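In this text, residue positions in the sequence shown follow our numbering: the first is 418, and each later residue adds one. Using N, Cα and C, we set each Cβ at its ideal position, and we do this for glycine too. Quantities reported herein were computed from a predicted structural model and do not represent experimental measurements. First the structure, in the form of structure tokens, and then the observations on it.
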Amino acid sequence: MTGVPASAAGGTGRRPTPGAKLGTAAVNQASLWNIANILTMIRLVLVPGFVLLLLADGGYDPVWRALAWAAFAVAMITDIFDGHLARTYNLVTDFGKIADPIADKAIMGSALVCLSWLGDLPWWVTGVILGRELGITLMRFWVIRYGVIPASRGGKLKTLAQGTAVGMYVLALTGPLATMRFWVMGVAVVLTVVTGLDYVRQAVVLRRAGLAEERAAK
């Protein structure tokens, strides 16, 4: 007996509850199974199903193309809601940060590659869009130590234009609608390039500011 209260000796007077760390880990693990992450998982699962539907029966059957469009539409809708739910209800997890962009690029990339392989979409369009997405992703990692480049309004508009254009190409459209999808895809490509250049500008500014702060701190 020292006569010194446990709190004064730097402790709390309580012993750690056995299994407390395990309980915390269980809670963190359970948090992965939230509605936002589940929607992201659904989008990932839809990717192979979408490809099979789009390429079924040679890839030119209107019925299979309509089913493929339905799968693509569901994927695009879940893309809208999972991010909104995660931010609104504080459901952001490390899994979601990684899986969400992977799911986005997987569904869009598979659609573009399949459409070009079927001859419906020029390969250069697929190359421009996928090249931009890969480049921006690598650039984000390049400047991540200095900060995060937020999604811009132009970027969101680009995503909407791409989704609309690709969806129109997935459907077996004819006549004026087939002509319209060409122009919608043209708008999507322009937005893809313009917003990509804007992200590069933001990345350069962010990196310069970060380097300046590091030099000032020395």
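Beta carbon of residue i: closer than 8 Å to some heavy atom of the ligand ATP?
| i | result |
| --- | --- |
| Asp511 | Annotation note on the ligand ATP: not contained in the displayed structure, which lists no ligands. |
Going by beta-carbon coordinates alone, are residue i and residue j separated by less than 9 Å?
| i | j | result |
| --- | --- | --- |
| Gly564 | Asp615 | no |
| Val583 | Leu529 | yes |
| Lys575 | Thr609 | yes |
| Ala453 | Val509 | yes |
| Leu470 | Leu535 | no |
| Ile589 | Asp511 | Per the sequence shown, residue 589 should be read as Ala rather than Ile. Result no, Cβ atoms of Ala589 and Asp511 do not sit closer than 9 Å. |
| Leu463 | Val491 | yes |
| Ser527 | Val468 | yes |
What is the DSSP secondary structure of residue i, reduced to helix, strand or coil?
| i | result |
| --- | --- |
| Val462 | helix |
| Thr581 | helix |
| Leu547 | helix |
| Gly536 | coil |
| Ser569 | coil |
Report buried or exposed for residue i, applying the criterion of at least 16 other Cβ atoms within 10 angstroms of its Cβ.
| i | result |
| --- | --- |
| Pro435 | Here Pro435 scores only 45 on pLDDT, less than 50, and its place in the model should not be relied on; the value that follows carries that caveat. Burial call: exposed. |
| Phe558 | exposed |
| Trp486 | buried |
| Arg482 | buried |
| Asn451 | buried |
Among the options, whose alpha-carbon lies nearest the alpha-carbon of residue i?
| i | options | result |
| --- | --- | --- |
| Ile546 | Leu461, Pro593, Ile494 and Gln579 | Gln579 |
| Gly500 | Leu590, Thr596, Arg460 and Gly544 | Arg460 |
| Gly613 | Gly603, Gly548, Ala629 and Val622 | Gly548 |
| Leu623 | Pro465, Leu577, Val468 and Val560 | Val560 |
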